[in-house]
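K.L.:
Note that the working numbering numbers the sequence shown so that position 215 is 317, with each residue one more than the last. Below you'll find the structure I mean.
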Amino acid sequence: MALNRKAIYLIIILGLVSIFMIGLFTGIFPQFSDDNRSKQADELENDTEMKFNANEVEYGPYLGQPVVMEVGGISEKLSYEDLNSQSNVVLIGTVKEIFPSKWNTPNGERPGNKIDDSDILEVMYTDITIHVNEYLKNPLSSEEVTVRVPGGTIGNETIWIEDAPSFEQNETVLLYLRGESSPFDVTGMSQGKFTVTDNGMAVRPDGIITLEELSKKIHE
């Protein structure tokens, strides 16, 4: 009798296991069925689409994610003589302040949801204040000048210009500048900006020259 009970229990257990396995593959249990998985995927997609629309209203077309627009290959190669002849002012100074980037629009706001390649250099800029240590060409009365470079970062959007010069706080620089007054442009983009080292070298991305030799070229 005991043997019969064990046999019955075993049959019941095997039956339950069989039912579970059959249900798993035929969709009796909806949480595991292909149809239900497809339905859940559709619901998730719809939910994501709703979140997209909500974020689009709040953050614009980029859903609040960091966006980098890159521009490269825009400067012609300039010799030291070209830099000198095309510059109104040449100076050695120290980076005093790097201001937050701005949109170059009348109201200071982002120019719509589309930025054309043709105006990407003009749409965002960053101003840097330079404390002048020494004028090497056409000295001005001011002890400070403002340098304006294209590109920068506003919110989650960055416009990165490959040839644009970069500046660091308290950096000592030698600058070739174009323009009649502040804000000046750096002549030849990164070609017109040198970092001056403590051992008397003038460094830019494509090479190194002594400050003494560079000064001679400016005064030739």
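Glycine included, C-beta positions come from ideal geometry on N, C-alpha and C.
Note down, in chain order, each residue of its chain lying with its Cβ closer than 6 Å to the Cβ of Gly174, except the 5 sequence neighbours on either side.
P.N.:
These residues qualify, in order along the chain: Glu264.
K.L.:
Within 10 angstroms of its Cβ, does Thr228 collect 16 or more other Cβ (buried), or is it exposed?
P.N.:
The residue is buried, with at least 16 neighbouring Cβ atoms inside 10 Å.
K.L.:
Could you please give the first and the last residue of the uninterrupted alpha helix (DSSP H) stretch that includes Asn190?
P.N.:
Looking at the DSSP string, Asn190 is not in any alpha helix (DSSP H), and its letter there is neither H nor E.
K.L.:
As a quick exercise: from Asp287, Ser283 and Ser203, pick the residue whose alpha carbon is nearest that of Gly254.
P.N.:
Selected option, being the one with the closest Cα: Ser203.
K.L.:
Given Ala212, which residues of its chain have a CB within under 6 Å of its CB, disregarding the five upstream and five downstream residues?
P.N.:
Note that residue 212 corresponds to Arg in the displayed sequence, not to Ala. Counting only Cβ-Cβ distances below 6 Å, and skipping sequence neighbours, we find Trp205.
K.L.:
Applying the criterion that 16 or more other CB atoms from any shown protein chain within 10 Å of the CB defines a buried residue, is Ile310 buried or exposed?
P.N.:
By the neighbour-count rule (16 or more Cβ atoms within 10 Å), Ile310 is not buried but exposed.
K.L.:
When DSSP builds the beta bridges, which residues end up paired with Lys204?
P.N.:
Answer is Tyr227, bridged to Lys204.
K.L.:
With distances taken from CA atoms, which of Thr207, Ser292, Glu183 and Thr196 is nearest Ser177?
P.N.:
The shortest Cα separation from Ser177 among Thr207, Ser292, Glu183 and Thr196 belongs to Ser292.
K.L.:
With DSSP as the reference, label Glu73 as helix, strand or coil.
P.N.:
This structure does not reach residue 73, given that the chain is present from 103 up to 322, and the question cannot be answered.
K.L.:
Alpha carbon to alpha carbon, what distance is there between Lys239 and Val225?
P.N.:
Cα to Cα, the separation comes out at about 30 Å.
K.L.:
Starting from the C-beta of Asp300, find all residues in its chain whose C-beta is less than 6 Å away, skip the five residues before and the five after it, and write them out in chain order.
P.N.:
For Asp300, where only same-chain residues beyond five positions count, there are no Cβ hits under 6 Å.
K.L.:
Ends of the beta strand (DSSP E) at Ala304?
P.N.:
Met303 to Arg306 is the extent of the beta strand (DSSP E) around Ala304.
K.L.:
Out of Ser268, Pro252 and Ile256, state which residue places its alpha-carbon closest to the alpha-carbon of Val197.
P.N.:
Answer by Cα proximity: Ser268.
K.L.:
Using the rule of at least 16 other Cβ atoms within 10 Å of the residue's Cβ for burial, across every protein chain shown, is Lys179 buried or exposed?
P.N.:
By the neighbour-count rule (16 or more Cβ atoms within 10 Å), Lys179 is not buried but exposed.
K.L.:
What span of residues does the beta strand (DSSP E) with Leu279 cover, start to end?
P.N.:
Residues Thr274 to Arg280.
K.L.:
Would you kindly report the start and end of the unbroken beta strand (DSSP E) that includes Thr255?
P.N.:
Run containing Thr255: Gly254 to Ile256, per the beta strand (DSSP E) assignment.
K.L.:
Give me the DSSP bridge partner(s) of Phe269.
P.N.:
Phe269 pairs with nothing; no bridge assigned.
K.L.:
Tell me where the beta strand (DSSP E) around Val172 begins and ends.
P.N.:
A small correction: the amino acid at residue 172 is Glu; Val does not occupy that position in the sequence shown. Here the beta strand (DSSP E) through Glu172 covers Val169 to Val173.
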